[in-house]
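Residue 1 is where the sequence shown starts when you use UniProt numbering, and the numbers rise one by one after that.
In this text, a Cβ means the ideal position worked out from N, Cα and C, and glycines have one as well.
Below is one structure, written out as structure tokens; the observations come after it.
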Amino acid sequence: MAPDERQAVRAGYATHGERPDDKTWAHLLPKVELHVHLDGAFDPALLFELAKKRLGELPENTESAVTGKAMAVRDKVASCEKLEDFEKLITCKGQRSLKAMLDCFNIFLPCVRGDLNAVEEMSYRFCCRQAKENVVYTEEFPREVWPGLVRYSPHLLLDGEYFSGETRLDPEAAVAAVTRGLRRGCREHGIVVNQILCCISFQPSWSTAIVDLALKHRDAFPCAVVGIDVAAGEVGDDPAQHAPAFQRANELGIKATLHAGEMGGPENVRHAVFDFRAARVGHGYAAADQPELLKACVAEGAHFEVCPTSSQETGAWHYTDDKPPWPKHPLHAMLEAGASVSINSDDPSVFVTDLTEEFCVCLRAGLTRQEALQLNRNALQAAFGDRKELQEVRRLIDAYAMQMDPVSVSA
């Protein structure tokens with residue numbers, strides 16, 4: 001679709017909203033997801049159960065990842081009488097704040113940290129969640145003939161002081177627990193899920209271990225580790241500290257995706273693509289502000305993992321309107337530049353969303369169903385998983401497209 005045609009479509013959707021059956025179409029679509037965090041998709045009901053059971057073990061306070069100031073944990077959790085109260089505590093819908101989002105993790109991660117049985121159960125329930133939403137491939141989250149990928153930091157699931165870098169358990173134990181849960185869920189729901197291990201921006205000392213774990217588990221299918229990432233914020237941390245680990249990963253043939261251009265500037269996207277040699281960029285919205293950089297990334301073949309609701313809720317997408325002007329989202333600039341883009345939910349439990357809703361957002365933003373379907377295919381093409389598995393997923397997507405909208409199969 002030409003840029004002027006897309007503008008006309010966007011204007012029409014901005015006026016009329018999504019068509020009545022768009023949600024059904026998006027739900028039934030066999031979806032591919034590349035950017036979803038395991039800890040951002042924890043089951044709130046199980047978290048609440050664990051929080052009450054471990055209340056006495058929870059820290060009285062923890063340190064805010066943004067301000068460095070102490071924030072209450074135990075008292076806030078203790079004040080929750082019902083699941084609904086707890087859900088309000090661990091979600092940040094409508095606040096448009098990265099701090100609010102990260103503070104949610106400070107509240108609920110201590111409820112799970114160090115409890116490997118809980119980590120395994122959360123991983124299993126992640127598969128259940130993806131299967132319910134018909135997410136057939138996840139590279140952050142799981143599914144068997146339909147693959148997927150789940151992204152997480154094994155270190156942050158361990159018992160210890162993660163800001164100081166101390167842990168009391170081997171991160172290998174966390175990977176094993178996640179793998180057990182994913183494999184159980186994949187067997188039960190007939191899906192495939194692979195894993196991406198996250199380095200943490202403010203803990204470069206962990207990055208070598210992440211590469212070691214990725215190397216050890218990259219052929220451990222089902223639910224193998226197929227890549228690495230750097231997550232947990234861009235501002236105030238020096239990405240160059242992770243460069244040696246990523247250079248080694250490159251030499252070993254371990255694929256990489258990097259969070260960049262979400263809260264940081266265009267230079268972070270440049271570093272991710274051209275210095276770290278990342279095949280994919282998590283978010284990358286800042287690149288839309290520099291057409292020449294975006295053009296260079298497209299020429300390099302970089303793929304952008306766009307997370308619409310996340311970009312709105314964290315403030316990564318800047319706008320001044322009272323309501324989100326979806327037809328002006330950076331996604332459109334990326335598409336008009338010819339970039340390969342996929343749609344993702346990022347932290348669905350925290351943002352109260354799912355991949356079906358993210359596709360509906362794209363339709364409200366002015367994309368046609370053919371364009372949305374192409375984004376799904378882009379994700380499949382950019383996935384790090386086994387090519388035979390991915391080919392089976394493509395057949396599922398094409399069969400659905402032929403059934404629902406025959407003309408889109410030729411897109």
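Could you have a look at residue i and say whether DSSP puts it in helix, strand or coil?
i    : result
L197 : strand
L221 : The identity of residue 221 in the sequence shown is Phe, whereas the question assumes Leu. DSSP places F221 in coil when its eight states are reduced to three.
A382 : helix
G181 : helix
E392 : helix
T208 : helix
E139 : strand
D229 : strand
I90  : coil
D170 : coil
S97  : coil
N134 : coil
Q290 : coil
R113 : coil
L215 : helix
L158 : coil
V235 : coil
M404 : helix
V203 : Per the sequence presented here, residue 203 reads as Gln, with Val not at that position. Three-state result, Q203: coil.
M122 : helix
F274 : helix
Pull up the DSSP beta-bridge partners for residue i, would you.
i    : result
L258 : V281
F246 : Answer by DSSP bridge pairing: none, since F246 is not bridged.
R151 : H37, I196
Tell me whether the beta-carbon of residue i lies closer than 7 Å to the beta-carbon of residue j.
i           : j    : result
V32         : Y137 : yes
residue 464 : H242 : Residue 464 is absent from the structure shown; the chain starts at 1 and stops at 411.
V36         : L58  : no
S345        : L355 : yes
I196        : G233 : no
A135        : L102 : Rather than Ala, the amino acid found at residue 135 in this sequence is Val. No, the pair does not count as a contact, with Cβ atoms beyond the cut-off.
Y124        : D39  : no
V175        : P204 : no
F304        : M334 : yes
residue 419 : W326 : Lying outside 1 to 411, the shown extent of the chain, residue 419 is not represented and no answer is given.
L390        : A383 : yes
F274        : L258 : no
R395        : L380 : no
V341        : L293 : no
residue 439 : L89  : The question about residue 439 has no answer here: the residues shown for the chain are numbered 1 through 411.
T309        : T353 : yes
P266        : Q290 : yes
L158        : L215 : no
L116        : A173 : yes
A240        : S207 : no
V350        : C104 : yes
E139        : L34  : yes
A249        : V211 : yes
P30         : I343 : no
Going along the chain, which residues of its own chain have a beta-carbon closer than 6 Å to the beta-carbon of residue i, five neighbours each way excluded?
i    : result
M122 : F42
E120 : A177, R180, G181
L28  : none
A26  : T356, F359, C360
L47  : F108, C111
M404 : none
K23  : C360
D347 : H37, G40
Y319 : P325
E300 : V273
Identify, in the order they occur along the chain, each residue of the same chain with its Cβ nearer than 7 Å to the Cβ of residue i, setting aside the five sequence neighbours on each side.
i    : result
G261 : N268, V269, V281, H283, G284, Y285, A286, A287
T235 : Per the sequence shown, residue 235 should be read as Val rather than Thr. Only M263, G264 meet the Cβ criterion.
V298 : A337, G338, A339
D372 : Correcting the residue type first, residue 372 is Ala in the shown sequence and not Asp. The answer, listed in chain order, is F359, C362, L363.
A100 : C92
A118 : L50, V112
A45  : L83
A272 : L258, A260, A278, V281
P171 : P154, H155, L158, A209, L213
K295 : A337
So, for residue i: in the same chain, excluding its five sequence neighbours on each side, which residues have a beta-carbon less than 8 Å away from its beta-carbon?
i    : result
K69  : E63
R218 : A224, V225, V226, I254
A78  : L55
Under 7 Å between C-beta atoms, does residue i make it to chain B?
i    : result
A245 : This model lacks chain B altogether; it includes just one protein chain.
Problem - Contained beta strand (DSSP E) runs [length at least 3] in the stretch 10-85, N- to C-terminal order - result: 31-33, 61-63, 70-72
Exercise for the section: Only counting runs of 4 or more residues, tell me where the alpha helix (DSSP H) segments fall wholly within the stretch 342-380, in order along the chain. Expected result: Within the stretch 342-380, the complete alpha helix (DSSP H) runs of at least 4 residues are 348-351, 355-364.
Exercise for the section: Would you list, in sequence order, the uninterrupted beta strand (DSSP E) runs of no fewer than 3 residues that lie entirely inside the stretch 292-342? Expected result: 303-306
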